[in-house]
Amino acid sequence: MTRHHRHRPSLRRAAGLTAALVGAGTLAALATPGTAFADSVIRLPGGTAHGDGLSITRSAESARVSPSLAANGASRTAWVSGQVTLKAPHLKPKKAGPTVGAGGEDKYPGTQGVYTNGAAAKVSSGYIVGCQVNIEGLSGGLSGALSLTAPSASANLTVPLSAGQVKFVVVTSRDIEKPGTYHLGYQNAGLEIQNCGGYAQARAFTTVETTGEFHQKVNLYGKPFSIG
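When you read off a place in the sequence shown, starting at 1, and then add 8, the result is the number in my numbering.
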């Protein structure tokens, strides 16, 4: 008896269709080289912190994370931007003294590398950067952390980090000598992370410190984000 298998052409057509779909997917993948190495843009929420007679607000914060051009996994760059507003209408006017330069946490524990030089107040903004450290609840005063101060708000800062290390990086700061409302901003300031073979995180911080008889220090922290 001769049996006819009429379904075989359908199977061949189905197989051909599957191969065509797989081929199309492969071509699509090949048509978008470098997608895995594209920059990642992170939009970050703003926030406000209040002191006695003053307030600080951060807004328009974002980070654009770029992988290492050397593709070595131990370095990457975060291009950070943000706006800071200080409202201090009741400060007692006071001139700033000579600038002594950044000393960092090692020299001035608990300062986050931020301290006044005699002005009525000083506002500083930057980032806490850690390598293989969860900085979700980190709020300063770490032993061994350093502070690097940029010569301008758009300069690139090199931040060498080893596993378990945290550094405070001041991006921009300003002496406040009289009461008023002040604005600080930075656009695409580069944080170049080096020597970190594990995951890296960062979070913004803004600090205002006043001088005189009534001393206060107000800190505003941002949302942590991954640098890869």
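Ideal Cβ positions, reconstructed from N, Cα and C, are used throughout, including at glycine.
Taking C-beta separations shorter than 6 Å and ignoring five residues to either side along the sequence, the partners of G54 in its chain run R66, S67, following chain order.
In the DSSP assignment, P75 falls within the unbroken beta strand (DSSP E) covering 63-75. Taking 7 Å as the cut-off, the Cβ atoms of Q140 and A171 count as close. Y207 sits in coil when the DSSP states are folded into three classes, being neither helix nor strand. Inclusion of L52 and K231 in the CB contact set at 7 Å is warranted, their separation being smaller than that value. In this structure, the beta-carbon distance from S89 to S132 does not fall below 7 Å. CA-to-CA, the gap between P187 and K130 works out to about 12 Å.
Judged by DSSP in its simplified three-state form, A46 adopts coil rather than helix or strand. In the three-state DSSP reduction, V141 falls in the coil class, being neither helix nor strand. DSSP places G126 in the coil class of the three-state scheme, outside both helix and strand. Scanning its chain for C-beta atoms nearer than 8 Å, with the 5 sequence neighbours on each side dropped, one finds around P101 the residues A128, E185, K186, P187, in chain order. S181 sits in a strand when the DSSP states are folded into three classes.
By the neighbour-count definition (other C-beta atoms within 10 Å, threshold 16), E221 is an exposed residue. Here F222 carries a coil assignment [DSSP, helix/strand/coil]. Closest in C-alpha terms to T93, from the list Q224, V216, S234, comes V216.
Leaving aside the five residues that flank H98 on each side, the residues in its chain whose CB is nearer than 8 Å to its CB run, in chain order, G61, L62, P187.
In the DSSP assignment, L165 falls within the beta strand (DSSP E) that extends over 164-168. About 5 Å separates the beta carbons of G236 and R84, which is inside the 8 Å limit, making them a contact pair. Taking 7 Å as the cut-off, the beta carbon of I136 is found closer than this to the beta carbon of F213. Minimum Cα-Cα distance from V226 among the listed residues I50, A57, S48, A46 corresponds to A57.
Under the three-state reduction of DSSP, K100 is assigned to coil, being neither helix nor strand. The bridge partners DSSP lists for G90 are Y194. Where G55 is concerned, the enclosing beta strand (DSSP E) starts and stops at 55-58.
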